[in-house]
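Asker: First residue of the sequence shown: 1, per full-length UniProt numbering; consecutive thereafter.
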Amino acid sequence: MAATDAQFPLPKVLTYPASTPPLLVTQGAEGRLYKTTHLLSDRPCALKYRPPKPYRHPILDSRLTKARISSEAKVLERCWREGVPVPAVYAMDPAAGWMMMEWIDGIPVRVGINKLLGPRPEEEALPETHEALLADLMKRIGAAIGALHKTGVVHGDLTTSNMMLRPRKSGQAGGSTGNEDEGEALNGDVFIIDFGLATQSMSDEDRAVDLYVLERAFASTHPRAEKLFAAVLEAYKETFKKASSVLIKLEDVRMRGRKRSMLG
Ligand SMILES: Nc1ncnc2c1ncn2[C@@H]1O[C@H](COP(=O)(O)OP(=O)(O)O)[C@@H](O)[C@H]1O
Ligand SMILES: [Mg+2]
1 MAATDAQFPL PKVLTYPAST PPLLVTQGAE GRLYKTTHLL SDRPCALKYR PPKPYRHPIL
61 DSRLTKARIS SEAKVLERCW REGVPVPAVY AMDPAAGWMM MEWIDGIPVR VGINKLLGPR
121 PEEEALPETH EALLADLMKR IGAAIGALHK TGVVHGDLTT SNMMLRPRKS GQAGGSTGNE
181 DEGEALNGDV FIIDFGLATQ SMSDEDRAVD LYVLERAFAS THPRAEKLFA AVLEAYKETF
241 KKASSVLIKL EDVRMRGRKR SMLG
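1. Arg166 lies in the beta strand (DSSP E); which residues open and close that run?
2. Going by the CB atoms, is the gap between Pro22 and Lys35 shorter than 9 Å?
3. Does the distance from the CB of Val246 to the CB of Ala198 come in under 9 Å?
4. Determine the burial state of Asp210: buried for a count of at least 16 other Cβ atoms within 10 Å of its Cβ, exposed for fewer.
5. Determine the closest residue to Tyr236 out of Tyr212, Val253, Arg224 and Thr221, with distance taken between C-alpha atoms.
6. Between which residues of its own chain and Pro87 is the CB-CB distance below 6 Å, once the five residues before and five after are set aside?
7. By DSSP, does Lys169 sit in helix, in strand, or in coil?
8. Can the beta-carbon of residue 266 be found less than 9 Å from the beta-carbon of Pro85?
9. Just to confirm, does Gly28 get its C-beta within under 8 Å of one of the non-hydrogen atoms of ligand 2?
10. What would DSSP say about Arg254, mapped onto helix, strand or coil?
11. Could you name the residues whose beta carbon sits closer than 6 Å to any heavy atom belonging to ligand 2, keeping them in chain order?
12. Taking a contact to mean a Cβ-Cβ separation below 9 Å, would you say Thr239 touches Gly146 in this structure?
13. Just the C-alpha distance for Thr37 and Arg43, rounded to the nearest angstrom, thanks.
14. What whole-angstrom Cβ distance do Leu214 and Thr159 have, given they're in contact under 8 Å?
15. Between Pro167, Gly112 and Met92, which has its C-alpha nearest Lys74's C-alpha?
16. Could you pull the start and end residues of the alpha helix (DSSP H) that Tyr212 belongs to?
17. Can you name, in chain order, every residue of its own chain whose Cβ lies under 6 Å from the Cβ of Phe218, other than the five neighbours on each side?
18. With 16 as the cutoff for other CB atoms within 10 Å, does His222 come out buried or exposed?
19. Within the continuous beta strand (DSSP E) that includes Lys150, where are the two ends?
20. Between which two residues does the beta strand (DSSP E) holding Trp98 run?
21. Check each candidate in Glu123, Ala231, Lys227 and Ile107 and name the one with the smallest Cα separation from Ile141.
22. To the nearest angstrom, how far is it from the Cα of Leu40 to the Cα of Thr151?
23. With distance defined between alpha-carbon atoms, name the residue in Cys45, Ser261 and Lys12 nearest to Val25.
24. If we call anything under 9 Å between Cβ atoms a contact, is Ser62 one with Pro51?
25. Going by DSSP, what residues sit across from Arg32 in a beta bridge?
26. So, with DSSP's three-state summary, where would you put Val246?
27. How would you write the range of the alpha helix (DSSP H) that Asp61 sits in, first residue to last?
28. For Asp206, collect the residues of the same chain with a Cβ closer than 7 Å to its Cβ; drop the 5 residues on either side in sequence, then sort them by chain order.
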């Protein structure tokens with residue numbers, strides 16, 4: 001995490017006095033993510049900004065940026081309205097290349113899982129308590145994806161980095177149990193983020209590919225927990241009525257994936 005860098009021009013909205021000094025959270029290939037505030041100094045928000053690309057033709061570049069920001073915001077709004085766990089959109093200026101959304105005060109699912117698994121070697125079996133905690137997280141993930149697909153949206157880039165885990169506010173001031181770190185790492189509500197590649201689709205094939213992308217990402221990011229992925233699909237099936245035909249399609253998609261990797 002770097003503090004605001006003078007080397008990058010900030011979008012104009014972040015130079016207004018009403019926003020607290022923005023913190024550059026991530027800098028991806030396509031855009032930057034800042035943490036700042038919206039309207040109130042105690043209302044944190046995430047600002048996604050796609051700066052102009054100097055190597056692209058300026059008119060084409062601004063059209064593309066505008067279209068992508070509006071499409072991402074539109075999908076988020078639709079999901080939010082229908083109760084899918086996603087950040088709420090607060091404001092946007094697609095022509096200027098930015099969108100402001102609710103700050104999800106938590107950690108990426110990837111970080112939570114790695115915290116629980118720790119630096120153990122890949123071959124070592126998981127303790128049963130960890131397996132149960134992970135399986136429970138997998139169920140929350142599957143339910144979130146089921147809710148997403150139910151609204152007619154496919155994400156396009158499901159990974160454990162594009163999901164956040166927001167701890168439930170623990171009102172109960174229970175004493176520390178000593179092993180709370182382990183359990184607490186995976187506690188909370190799952191939010192889906194990063195809808196830059198999302199599309200509207202009701203097709204089994206598109207939905208199956210969405211699940212397959214996550215399955216592969218999960219296997220490579222968290223090999224020790226690979227076998228727990230089944231719990232994602234179980235919860236998906238429980239949440240989403242049309243899941244069974246998607247899961248049949250998933251078999252095809254996996255088969256194609258295997259053939260492709262055999263051909264190298
Ligand atoms: N609404 C949010 N609240 C908190 N953190 C966020 C939010 N949106 C994104 N982030 C953080 O910023 C990172 C990059 O955002 P993301 O939308 O995934 O953009 P990219 O297209 O660069 O991957 C995420 O992995 C997450 O850690
Ligand atoms: Mg991302």
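Think of the CB as a built atom: it goes at the ideal place given N, C-alpha and C, for glycine as much as any other residue.
Answerer: Taking the structure as given:
1. Position 166 of the sequence shown holds residue 166. From DSSP, the beta strand (DSSP E) with Arg166 extends over Met163 to Arg166.
2. For the purposes of this step, residue 35 is identified with residue 35 of the sequence shown, where counting begins at 1. For the purposes of this step, residue 22 is identified with residue 22 of the sequence shown, where counting begins at 1. Taking 9 Å as the Cβ cut-off, Lys35 and Pro22 qualify as a contacting pair.
3. Along the sequence shown, one-based indexing puts residue 246 at 246. Along the sequence shown, one-based indexing puts residue 198 at 198. No.
4. Counted from its first residue, the sequence shown places residue 210 at position 210. Under this definition Asp210 is a buried residue.
5. The residue you call residue 236 lines up with position 236 of the sequence shown. Ranking the options by Cα distance to Tyr236, first place goes to Tyr212.
6. As a first step, residue 87 is located in the sequence shown; it is residue number 87 there, counting from the start. Only Met101, Glu102 and Ile104 meet the Cβ criterion.
7. By 1-based counting over the sequence shown, the position of residue 169 is 169. Of the three classes helix, strand and coil, the one that applies to Lys169 here is coil, per DSSP.
8. Because the chain is modelled from 1 through 264, residue 266 falls outside the range shown and cannot be assessed.
9. Here residue 28 refers to the residue found at position 28 of the sequence shown. Because some heavy atom of ligand 2 lies under 8 Å away, the Cβ of Gly28 counts as near it: yes.
10. Within the sequence shown, numbered from 1, the residue matching residue 254 stands at position 254. In this structure, Arg254 counts as helix in the three-state DSSP scheme.
11. Ser161, Asn162 and Asp194
12. Taking the sequence shown and counting its residues from 1, the one referred to as residue 239 is at position 239. Taking the sequence shown and counting its residues from 1, the one referred to as residue 146 is at position 146. Yes, the pair counts as a contact, with Cβ atoms nearer than the cut-off.
13. Taking the sequence shown and counting its residues from 1, one reaches residue 37 at position 37. Taking the sequence shown and counting its residues from 1, one reaches residue 43 at position 43. Between the alpha carbons of Thr37 and Arg43 lies a gap of roughly 5 Å.
14. The residue you call residue 214 lines up with position 214 of the sequence shown. The residue you call residue 159 lines up with position 159 of the sequence shown. Contact flag correct, Cβ pair sits at about 7 Å.
15. Numbered from 1 along the sequence shown, position 74 holds the residue referred to as residue 74. The residue among Pro167, Gly112 and Met92 with its C-alpha nearest the C-alpha of Lys74 is Met92.
16. Start at 1 with the first residue of the sequence shown, and residue 212 comes out as number 212. Taken as a continuous stretch (DSSP letters only), the alpha helix (DSSP H) holding Tyr212 covers Asp204 to Thr221.
17. Position 218 of the sequence shown holds residue 218. Sequence-distant partners of Phe218 (beyond 5 residues in either direction) whose C-beta falls short of 6 Å from its own C-beta, in its chain, are Phe229.
18. The sequence position of residue 222 within the sequence shown is 222, counting from 1. Classification for His222: buried.
19. Taking the first residue of the sequence shown as 1, we reach residue 150 at position 150. That residue, Lys150, is in no beta strand (DSSP E); its alpha helix (DSSP H) goes Glu128 to Lys150.
20. The sequence position of residue 98 within the sequence shown is 98, counting from 1. Trp98 to Glu102 is the span of the beta strand (DSSP E), which, as asked, contains Trp98.
21. Here residue 141 corresponds to residue number 141 of the sequence shown, with the count starting at 1. Comparing Cα positions, the closest option is Ala231.
22. The residue given as residue 40 occupies position 40 in the sequence shown. The residue given as residue 151 occupies position 151 in the sequence shown. Cα to Cα, Leu40 sits roughly 32 Å from Thr151.
23. Translated into positions along the sequence shown, residue 25 becomes position 25. Measuring from the Cα of Val25, the nearest candidate turns out to be Cys45.
24. In the sequence shown, residue 62 corresponds to position 62, counting from 1. In the sequence shown, residue 51 corresponds to position 51, counting from 1. By the CB criterion at 9 Å, Ser62 and Pro51 fall outside the cutoff.
25. Residue numbering aside, residue 32 sits at position 32 when the sequence shown is read from its first letter. Gln27 and Tyr49, per the DSSP bridge assignment.
26. Looking up residue 246 in the sequence shown gives position 246. Under the three-state reduction of DSSP, Val246 is assigned to helix.
27. Sequence index remark: in the sequence shown, residue 61 carries index 61 (1-based). Asp61 -> alpha helix (DSSP H) spans Pro58 to Arg81.
28. Walking along the sequence shown from the start, residue 206 turns up at place 206. Closer than 7 Å at Cβ, skipping near neighbours: Val154.
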